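See structure below.
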Amino acid sequence: MFRRATLSSFPLARRYATIENTLLFAKPPPPPAQAQVEPGIDSESTQSALDPVLIDHLVRIPASSRPSLHNLINHYLERSGRVLPFQLPYESTPTPHRRVPDTVQDGGVQLLAHVVKEGDRAKVSLSSAFAIQPESAPNTEAQPIIVSCAHTLEEIRWSPLLVMPASASPSVAPDLDHVRSSASFLVSRTESDQGNTVTLVNGSQPAVCTPIQSIQSSLHRSDLILASLPAQTPKLRTLPVSPYPAQAGTPIRAHLVSETRPPGSAGEGWEPWVGGWAKWVRGRVLGYRDLAGREAEPGTYDALAHMLFEPLPTPGSSGGPIVNEETGAVVGVMLSTRMYNHIEGTRGWGVPAEMIYEMFSLPGLSLKRS
Numbered sequence: 002m003f004r005r006a007t008l009s010s011f012p013l014a015r016r017y018a019t020i021e022n023t024l025l026f027a028k029p030p031p032p033p034a035q036a037q038v039e040p041g042i043d044s045e046s047t048q049s050a051l052d053p054v055l056i057d058h059l060v061r062i063p064a065s066s067r068p069s070l071h072n073l074i075n076h077y078l079e080r081s082g083r084v085l086p087f088q089l090p091y092e093s094t095p096t097p098h099r100r101v102p103d104t105v106q107d108g109g110v111q112l113l114a115h116v117v118k119e120g121d122r123a124k125v126s127l128s129s130a131f132a133i134q135p136e137s138a139p140n141t142e143a144q145p146i147i148v149s150c151a152h153t154l155e156e157i158r159w160s161p162l163l164v165m166p167a168s169a170s171p172s173v174a175p176d177l178d179h180v181r182s183s184a185s186f187l188v189s190r191t192e193s194d195q196g197n198t199v200t201l202v203n204g205s206q207p208a209v210c211t212p213i214q215s216i217q218s219s220l221h222r223s224d225l226i227l228a229s230l231p232a233q234t235p236k237l238r239t240l241p242v243s244p245y246p247a248q249a250g251t252p253i254r255a256h257l258v259s260e261t262r263p264p265g266s267a268g269e270g271w272e273p274w275v276g277g278w279a280k281w282v283r284g285r286v287l288g289y290r291d292l293a294g295r296e297a298e299p300g301t302y303d304a305l306a307h308m309l310f311e312p313l314p315t316p317g318s319s320g321g322p323i324v325n326e327e328t329g330a331v332v333g334v335m336l337s338t339r340m341y342n343h344i345e346g347t348r349g350w351g352v353p354a355e356m357i358y359e360m361f362s363l364p365g366l367s368l369k370r371s
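Converting from the sequence shown to this note's numbering requires adding 1 to each position, the first position being numbered 1.
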C-alpha cells in the first residue's frame, strides 16, 4: 500500500535576473560660467586706440629710415644667447639721482610697438620697455640699450602678414596700399616738438616714435630682448639695474599701464602716459621658480629662472621694470601672470634682473670676437 506524499506548491515559472537594453539619455550639462580673464600674454594683442596712430606713422616714414620686422626677427633668432662686448654696471644701491622715481612723468618707462601693414590689413603688438646704460669704452659714449619682453615680437612674427611672401620689391614706396610695411618703434614722451612725433589719442603732449635699429641679443627661455636705437636718438632716462635677486617679501614697485583710466577710486594715482595711463603700484616679491617650475631660493645653487610677485601686471605692462622700493634699482622684468594652483591663486610672472647680465660681458672678462 502506497501513501501519496503531499508536496507544498511551488510556482511553475522561475524568475531569472534579466538585462534589459534600456537607453539612458544624459541631460546636457549647464553652460559654463563666464570666465574672468586675467591679464596675460594673450591679452596684450587686443585692439588699442593707439593702433591707428602707429599705423599711420608707419606708412608716412620712408622704408630707408627704418629696418623692417623681417630684419629685426632675423636678428632676434640669430643673436639668441649673444653676449655683448661691453659690460653693464652693477647698481644694486644707486645714488639718489639714479634711483627710479615713483612718478610716471619721469619718462623712465617707454612703449615698444611692433607694427605691420599690408593693404587694408594691419597688426600691432604692444609692450613696455626701459633703457639701460652700458659702460662706455675709452673716449666713446655707449648708446643706451632697450630692454623688453620677447613674446610680443614672437606674436607678430607668426602673423599671416609676415609669414606670407612679400608682394612687392623693397624699392616701391611703403605707403602704397598693396605694399607691406613693417617696423618696431620705441614710443617715448617728449617735452618739445621733434621729428618723428605723433599726437597721442588722449590729447597729452606729443610722443617720439623712434625706429628700433636692431635686436642686439635675446634670451628665448627668459623672454627677454635687448634692442638698439639710431645714434641720433633723443636722450632717454636710463634705469639702474641690480644683479642681486631680491629676497621673498621685499617691497617693490611695478609700472602698470592701462588704455583708459580706471573708474572711481581705483583711478587714484594714475597719470597720463604714452597712449594711455600708467601708475607705479606697490607690491612685494613672492618667490622664485627654476626652469622646471620648482621653488628656488636666492643665495643657494638654485637657478632663479622666474620671479613671482604682486601686483598682477595689466595688459601692456609686460617688459616693464620691477623696482626695489628700498634701493630704487631694477630687480626684475614683468612678463605676464601665472596660476600654479587654486590655493595660491594668480601671481605676477617675471624674470629677475640678473638675467639681463647674461647678455653682457662680465667684469674683468675679455671676450674674443670672431
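The beta-carbon is built from N, C-alpha and C at its ideal position, and this holds for glycine as well.
None of these values were measured; they are calculated from a predicted model.
Cβ-Cβ distances below 6 angstroms link residue 309 to 287, 288 and 348 in the same chain, with the five nearest sequence neighbours on each side left out; the list follows chain order. Its chain contains 272 as the residues whose beta carbon lies nearer than 7 angstroms to that of residue 106, once the 5 sequence neighbours on both sides are disregarded; these appear in chain order. Secondary structure note for residue 360: it is in no alpha helix (DSSP H), with a DSSP letter that is neither H nor E. The DSSP-derived three-state label of residue 184 is strand. The criterion of a C-beta distance shorter than 8 angstroms is satisfied by residue 136 and residue 88. In the DSSP assignment, residue 259 is bridged to 278. Per DSSP, residue 62 lies in no alpha helix (DSSP H) and is assigned neither H nor E. Look at residue 84 here: in three-state DSSP terms it is coil, with no helix or strand label.
Here residue 361 has 84, 85, 87, 88, 89 and 135 as same chain residues with Cβ atoms under 8 angstroms from its own Cβ, once five neighbours each way along the sequence are excluded.
Under the DSSP assignment, residue 311 falls in the beta strand (DSSP E) whose first and last residues are 307 to 311. Counting only residues of its own chain and dropping the five nearest sequence neighbours on each side, residue 157 has a CB closer than 7 angstroms to the CB of 70, 115, 117, 124, 126 and 163. Comparing alpha-carbon positions, the option among 50, 275 and 113 lying closest to residue 229 turns out to be 113.
Out of 298, 339 and 355, the CA that lies nearest to the CA of residue 243 is found in 355.
When the beta-carbon positions are compared, residue 189 and residue 275 come within less than 8 angstroms of each other. Take the alpha-carbon of residue 327 and the one of residue 256: they are about 16 angstroms apart. DSSP places residue 79 in the helix class (H, G or I) of the three-state scheme. When DSSP states are grouped into helix, strand and coil, residue 337 belongs to the strand group.
Between the alpha carbons of residue 216 and residue 104 lies a distance of about 29 angstroms. The stretch 234 to 242 makes no contact with the stretch 58 to 70, as fewer than three CB pairs between them are under 8 angstroms. For residue 232, the CB contacts under 7 angstroms within the same chain, skipping 5 residues up- and downstream, are 144 in chain order. In this structure, residue 129 keeps its C-beta atom at 8 angstroms or more from the C-beta atom of residue 260.
Relative to residue 252, the option among 184, 332 and 56 whose CA is nearest is 332. Judged by DSSP in its simplified three-state form, residue 148 adopts strand. In the DSSP assignment, residue 164 falls within the unbroken alpha helix (DSSP H) covering 161 to 164.
About 5 angstroms separates the beta carbons of residue 246 and residue 353, which is inside the 8 angstroms limit, making them a contact pair. Under the 10 Å beta carbon count, residue 344 is surrounded by fewer than 16 other beta carbons and is classified as exposed. Under the DSSP assignment, residue 228 falls in the beta strand (DSSP E) whose first and last residues are 225 to 229. Contact check for residue 153 against residue 187 fails: the beta carbons are separated by 8 angstroms or more.
A Cβ-Cβ separation of about 7 angstroms places residue 240 in contact with residue 132 under the 8 angstroms criterion. Taking residue 350 as reference, the option from 358, 334, 342 and 359 with the minimal CA-CA separation is 334. Cβ contact annotation for residue 346 (same chain, cutoff 8 angstroms, sequence separation greater than five): 340, in chain order.
The Cβ-Cβ distance between residue 148 and residue 227 falls below 8 angstroms.
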